[in-house]
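Novice: Everything in the sequence shown is counted per the working numbering, starting at 855 for the first residue and increasing by one.
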Amino acid sequence: MAKGYWVSVYPAISDPDGLTAYNTLAGPAVRAAGGRTLSRGGRVVAHEAGITQRVVLVEFDSFEQAVAAYESEAYRKALVALPDGVERDFRIIEGID
Numbered sequence: 855m856a857k858g859y860w861v862s863v864y865p866a867i868s869d870p871d872g873l874t875a876y877n878t879l880a881g882p883a884v885r886a887a888g889g890r891t892l893s894r895g896g897r898v899v900a901h902e903a904g905i906t907q908r909v910v911l912v913e914f915d916s917f918e919q920a921v922a923a924y925e926s927e928a929y930r931k932a933l934v935a936l937p938d939g940v941e942r943d944f945r946i947i948e949g950i951d
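(1) By how many angstroms is the C-alpha of Y876 removed from the C-alpha of Y929?
(2) Does the beta carbon of P937 fall short of 7 Å from some heavy atom of the ligand HEM?
(3) With 16 as the cutoff for other CB atoms within 10 Å, does G904 come out buried or exposed?
(4) May I ask which residues mark the beginning and end of the beta strand (DSSP E) holding D943?
(5) Going by the beta-carbon positions, is the gap between E947 and V861 smaller than 8 Å?
(6) Under the rule that 16 or more other beta-carbon atoms within 10 Å means buried, what is A886, buried or exposed?
(7) Which whole-angstrom value describes the C-beta separation of A866 and E941, a residue pair presumed to lie in contact below a C-beta threshold of 8 Å?
(8) Just verifying my parser: in three-state terms, what is the DSSP assignment at E918?
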């Protein structure tokens with residue numbers, strides 16, 4: 855079974871305190887759903903589009919598990935806390951077997 859991944863890129867963060875509030879709720883929700891954070895805001899070498907802002911990569915045992923985690927009640931509560939001052943490009947992708 856192919857793994858599932860959450861990939862988030864943050865092109866702009868004008869409310870870092872709001873992002874912290876989101877992270878306080880999102881982290882436990884992701885872990886409770888079986889997610890493992892592989893990368894969060896570390897070093898980036900950008901090519902082509904040149905986006906070097908914060909990138910987060912979370913791994914789940916399956917694509918279905920990744921989708922269910924996003925749709926969970928606990929994560930929905932975290933999304934409410936995600937402020938307008940945070941621009942995010944979020945995707946759920948299926949890994950290769």
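Note that beta-carbon positions come from the ideal geometry of N, C-alpha and C, so glycine has one too.
Specialist: Looking at the coordinates:
(1) 10 Å
(2) What this structure holds is no ligand at all, so the ligand HEM is not there to describe.
(3) exposed
(4) V940 to E948
(5) Correcting the residue identity first, residue 947 is Ile in this sequence and not Glu. It is a contact, given that the beta carbons lie within the stated cut-off.
(6) exposed
(7) 4 Å
(8) helix
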